[in-house]
Structures are given as C-alpha cells and as structure tokens.
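Below: one structure, written as structure tokens.
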Amino acid sequence: MHNSHIPTDGSQQHRDANFQPDPGLLEVLAPLHGNERIRHLLKCFGLRTSLVRLKVIDALLTAAGNERRLGVRGMHSHLQALDIPLSFLSVREVLKRLCSEGVVVLNSDKSYSLHPQAEAVLTGRIEA
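Here it is, written out as structure tokens:
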C-alpha cells in the first residue's frame with residue numbers, strides 16, 4: 037500500500053505554501069523537487085507513476101534545461117549513459133503514451149518535449 041506521506045526516494049521535502057516559482061526557471065526547479073514533482077504531474081494527467089515514466093520525464097527536463105531536444109534514440113542513449121537499463125521499445129512506448137495523454141509533444145524534428153500545460157503544472161502556474 038502506498039503512503040504519500042513517506043518519501044520513497046530517501047529525501048525529505050517540505051513545501052512552502054507561499055512559494056511562487058518563476059516560470060522561466062523550469063530547469064532549475066525540476067531538480068529541487070525531485071521525483072515528487074513528476075509524480076504530481078503524472079497524477080494530474082491521470083497516469084500511474086512508473087520508473088520508466090519518471091526517468092523519461094526527468095530526461096526531458098534535463099534536456100530542456102540544457103536547451104537540447106531528444107528523440108527516441110537520444111532518450112534511450114541518455115538513459116543508458118546513466119546506467120538506467122530500459123529497452124529502446126520501453127522508452128518508445130512510454131513516449132508514445134505520454135504524447136497520447138498530452139504530457140509530452142512530438143515536435144516536427146521528431147524530438148519530444150513537455151507540453152506547455154505539463155510545464156505549467158511542474159512550475160506551479162496551474163493545477164491540472
């Protein structure tokens with residue numbers, strides 16, 4: 037049984053109800069809140085949390101913070117470089133599902149990025 041009050045990643049996070057993040061600091065905010073923000077994002081879009089989804093969204097956040105875009109192959113290579121053993125097919129299917137749910141968009145250059153609404157949820161500008 038899942039208890040949302042117990043951190044599962046080993047870190048303890050405290051929220052300040054008055055905190056209003058700067059929407060231009062997506063790449064700075066994402067690491068500060070770890071997987072908790074990504075879990076919240078997935079929940080807002082009605083998706084279950086899975087290791088593959090967490091890692092894929094985290095990789096998209098990292099790429100956005102470095103002003104890069106990742107396609108399926110780039111995403112898979114990035115995850116392998118981090119010693120995250122996910123198959124190419126798993127990465128591709130997760131990206132397709134995240135696209136179909138509106139969390140991620142497929143760009144014209146076949147790269148993926150977070151949907152603007154998903155970015156807004158992560159930065160606290162809106163609650164989905």
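Residues 37 to 164 (the numbering used here) are what the sequence shown spells out, left to right. Backbone N, C-alpha and C define an ideal beta-carbon position, used for all residues, glycine too. This one's a predicted model, so the numbers in the text were calculated from it and none came from an experiment.
Between S113 and the ligand COA, is the CB less than 8 Å from at least one heavy atom?
-> This structure does not include the ligand COA; it has no bound ligands of any sort.
So is N143 in contact with chain B if we call contact Cβ pairs under 9 Å?
-> Chain labels in this structure do not include chain B; a single protein chain is all it has.
Sequence-distant residues of its chain with Cβ nearer than 6 Å to G107 (five each side left out) = K146, S147
Would S86 pass as a contact of V130 if the rule is Cβ separation under 9 Å?
-> yes
Report the residue from V157, P121, M111 whose alpha carbon sits nearest the alpha carbon of K132.
-> M111
Can you tell me which of E137, V92, N71, D119 puts its alpha carbon nearest to the alpha carbon of G82?
-> E137
According to DSSP, which residues form a beta bridge with L142?
-> Y148
How long is the line joining the alpha carbons of V141 and A117, rounded to whole angstroms?
-> 24 Å
Across which residues does DSSP place L106 in a beta bridge pair?
-> Y148
C-beta atoms of S144 and A99 nearer than 9 Å | no
How long is the line joining the alpha carbons of C80 and A154, rounded to whole angstroms?
-> 9 Å
Let me know if V96 comes out buried or exposed under the rule of 16 or more other beta-carbons within 10 Å of its beta-carbon.
-> Looking at the sequence provided, one finds Leu at residue 96 rather than Val. Buried: at least 16 other Cβ atoms inside 10 Å.
Quick one: what's got a C-beta closer than 8 Å to R105's C-beta in the same chain, skipping five residues either side?
-> A99, N143, D145, S147, Y148, S149
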